[in-house]
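Data block below; observations after.
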Amino acid sequence: MGHKNPPRRKQDKSTPRSQLRIIAGEWRGRKLEFLATDGLRPTPDRVRETLFNWIQTIVPGAQCLDMFSGSGALGFEALSRGAERMTFIERDAAAARQLNANLQNLKAQNGEIIQTDVLAWLEARQQDQESKYDLVFLDPPFRQNLIAPCCALLESKNLLRDNAYIYIETESELANPDVPPHWQEYRNKTAGQVTYRLYKRA
1 MGHKNPPRRK QDKSTPRSQL RIIAGEWRGR KLEFLATDGL RPTPDRVRET LFNWIQTIVP
61 GAQCLDMFSG SGALGFEALS RGAERMTFIE RDAAAARQLN ANLQNLKAQN GEIIQTDVLA
121 WLEARQQDQE SKYDLVFLDP PFRQNLIAPC CALLESKNLL RDNAYIYIET ESELANPDVP
181 PHWQEYRNKT AGQVTYRLYK RA
């Protein structure tokens with residue numbers, strides 16, 4: 001019994017943490033912790049600022065889905081700016097626990113954390129029996145060919161409202177993400193190794 005606690009403390013210390021800052025809205029300036037694990041790259045402040053300038057009239061009152069949530073940078077920013085509901089999907093258990101902790105720290109009642117694989121979650125949706133989303137954030141790990149199946153499942157499970165907006169963040173060398181033909185590219189920009197695009201479902 002006496003040997004269990006020290007390794008746990010050591011493990012906690014060995015997991016580096018970083019912080020992100022909410023840019024605007026109700027929680028403007030608040031800093032949130034996230035786990036600095038391999039492959040987790042929060043959307044940079046400058047990119048978030050540009051994105052939320054694009055969607056500033058869409059966010060208030062929106063039903064939102066943040067897939068591959070990671071740090072939750074996009075989801076928390078949207079909640080701060082008046083999104084009605086945010087569903088965070090994150091596979092990593094430690095990252096999901098941190099998302100929950102941040103929701104509690106902010107006293108946010110309108111966020112939900114689901115700890116599961118994004119594709120498995122999408123596959124499990126019942127067509128035409130689920131909540132529909134106004135705004136979706138899709139920021140998967142780079143170079144794993146996750147964009148196309150995610151987009152196809154969002155459509156086949158009928159999870160999007162007619163005029164939904166879908167934000168997609170990819171590696172910059174990916175010239176044309178494979179999205180449904182009736183998604184119209186509304187804006188796009190490249191910042192270093194990241195290209196980000198906003199689509200509107202026509």
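Using the numbering used here, you'd call the opening residue of the sequence shown number 1 and step up by one each time.
No residue lacks a Cβ here, since even glycine has one placed at the ideal position from N, Cα and C.
Query	Result
Could you tell me if Q127 is buried or exposed, where buried requires 16 or more neighbouring beta carbons within 10 angstroms of its beta carbon?	exposed
In terms of DSSP beta bridges, what is N188 paired with?	R197
What does the alpha-carbon distance come out to for the pair P7 and E90?	Confidence at P7 is low in this model, with a pLDDT of 40, below 50, so its placement is unreliable and the value that follows should be read with caution. Straight-line Cα distance between these residues: approximately 26 Å.
Going by Cα to Cα distance, which pick from V179, R28, Q115, P180 is closest to G82?	R28
Return the bridge partner residues of Q63 from the DSSP annotation.	R85
At the level of alpha carbons, what is the spacing between A101 and P60?	24 Å
In the DSSP assignment, find the unbroken beta strand (DSSP E) run with N163 in it and report its ends.	160–171
Can you give me the C-alpha to C-alpha distance between L106 and T43, rounded to a whole angstrom?	20 Å
Report yes if the C-beta distance between R201 and L160 is below 8 Å; otherwise report no.	yes
On a Cα-Cα basis, can you pick out the residue from G111, A148, N158, D117 that is closest to Y133?	N158
Mind reading off the beta-carbon distance from I168 to L138? Whole number of angstroms is fine, and I expect it under 8 Å.	5 Å
Return the bridge partner residues of G111 from the DSSP annotation.	M86
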